[in-house]
Amino acid sequence: MEKQLQELSNQVTVLKRPIVKLTVDVENILTLLKTQVRTSAKTSSEDEEDDENPIQLPCDSMEQFEQFNENLRSNKKYKKKL
(Lines of atoms letter the chains of each structure in order from A; the text may use other names.)
(Lines give C-alpha, C1' and ligand atoms only; values in the text may rest on other atoms or scores of the structure.)
Protein backbone atom coordinates (compact mmCIF):
# COMPACT_ATOMS: atom_id res chain seq x y z
CA MET A 1 0.00 0.00 0.00
CA GLU A 2 2.78 2.41 0.91
CA LYS A 3 4.55 1.59 -2.33
CA GLN A 4 1.40 2.41 -4.30
CA LEU A 5 1.05 5.71 -2.46
CA GLN A 6 4.65 6.57 -3.26
CA GLU A 7 4.08 5.74 -6.95
CA LEU A 8 0.95 7.91 -7.01
CA SER A 9 2.83 10.72 -5.32
CA ASN A 10 5.58 10.48 -7.94
CA GLN A 11 2.99 10.56 -10.74
CA VAL A 12 1.33 13.64 -9.26
CA THR A 13 4.71 15.37 -8.97
CA VAL A 14 5.51 14.52 -12.59
CA LEU A 15 2.11 15.89 -13.68
CA LYS A 16 2.47 19.08 -11.63
CA ARG A 17 5.62 20.25 -13.41
CA PRO A 18 4.12 20.58 -16.92
CA ILE A 19 0.99 22.19 -15.49
CA VAL A 20 3.06 24.81 -13.65
CA LYS A 21 5.15 25.42 -16.78
CA LEU A 22 2.00 25.69 -18.90
CA THR A 23 0.52 28.17 -16.42
CA VAL A 24 3.65 30.31 -16.59
CA ASP A 25 3.64 30.09 -20.41
CA VAL A 26 -0.01 31.16 -20.56
CA GLU A 27 0.70 34.09 -18.22
CA ASN A 28 3.61 35.16 -20.43
CA ILE A 29 1.45 34.92 -23.54
CA LEU A 30 -1.27 37.02 -21.90
CA THR A 31 1.29 39.64 -20.91
CA LEU A 32 2.61 39.74 -24.47
CA LEU A 33 -0.93 40.05 -25.85
CA LYS A 34 -1.74 42.92 -23.49
CA THR A 35 1.46 44.67 -24.58
CA GLN A 36 0.58 44.07 -28.24
CA VAL A 37 -2.93 45.48 -27.74
CA ARG A 38 -1.51 48.61 -26.07
CA THR A 39 1.01 49.01 -28.89
CA SER A 40 -1.72 48.51 -31.49
CA ALA A 41 -3.91 51.08 -29.78
CA LYS A 42 -1.06 53.61 -29.83
CA THR A 43 -0.32 52.81 -33.48
CA SER A 44 -3.99 53.18 -34.30
CA SER A 45 -4.14 56.66 -32.77
CA GLU A 46 -0.92 57.58 -34.60
CA ASP A 47 -2.52 56.38 -37.86
CA GLU A 48 -5.44 58.70 -37.23
CA GLU A 49 -2.99 61.58 -36.91
CA ASP A 50 -1.41 60.56 -40.21
CA ASP A 51 -4.83 60.78 -41.90
CA GLU A 52 -4.72 64.51 -41.30
CA ASN A 53 -1.62 64.66 -43.55
CA PRO A 54 -2.36 62.24 -46.40
CA ILE A 55 0.45 60.90 -48.54
CA GLN A 56 0.89 62.90 -51.72
CA LEU A 57 1.02 60.75 -54.85
CA PRO A 58 3.39 61.79 -57.64
CA CYS A 59 0.49 62.48 -59.98
CA ASP A 60 -2.31 64.97 -60.42
CA SER A 61 -4.93 62.95 -62.26
CA MET A 62 -6.26 59.41 -62.36
CA GLU A 63 -4.58 58.83 -65.73
CA GLN A 64 -1.21 59.78 -64.28
CA PHE A 65 -1.88 57.50 -61.32
CA GLU A 66 -2.70 54.57 -63.63
CA GLN A 67 0.50 55.22 -65.60
CA PHE A 68 2.47 55.39 -62.36
CA ASN A 69 0.88 52.11 -61.28
CA GLU A 70 1.77 50.43 -64.61
CA ASN A 71 5.36 51.62 -64.29
CA LEU A 72 5.52 50.23 -60.80
CA ARG A 73 4.15 46.85 -61.91
CA SER A 74 6.64 46.63 -64.77
CA ASN A 75 9.49 47.29 -62.33
CA LYS A 76 11.64 44.14 -61.96
CA LYS A 77 12.08 44.55 -58.18
CA TYR A 78 8.32 44.76 -57.74
CA LYS A 79 7.77 41.56 -59.75
CA LYS A 80 10.30 39.69 -57.60
CA LYS A 81 8.38 40.60 -54.45
CA LEU A 82 5.17 39.16 -55.89
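Just so we're aligned: the sequence shown equals residues 1 to 82 in the UniProt record's numbering. Backbone N, C-alpha and C fix where the C-beta goes; we use that ideal spot for every residue, glycine too.
Over what stretch of residues does the alpha helix (DSSP H) that includes residue i continue unbroken?
| i | result |
| --- | --- |
| N69 | M62 to S74 |
Quick check: the Cα distance between residue i and residue j, rounded to an integer number of angstroms?
| i | j | result |
| --- | --- | --- |
| L5 | T13 | 12 Å |
| R38 | T23 | 23 Å |
| S40 | N75 | 33 Å |
| E70 | Q64 | 10 Å |
| L72 | N28 | 43 Å |
| E2 | N10 | 12 Å |
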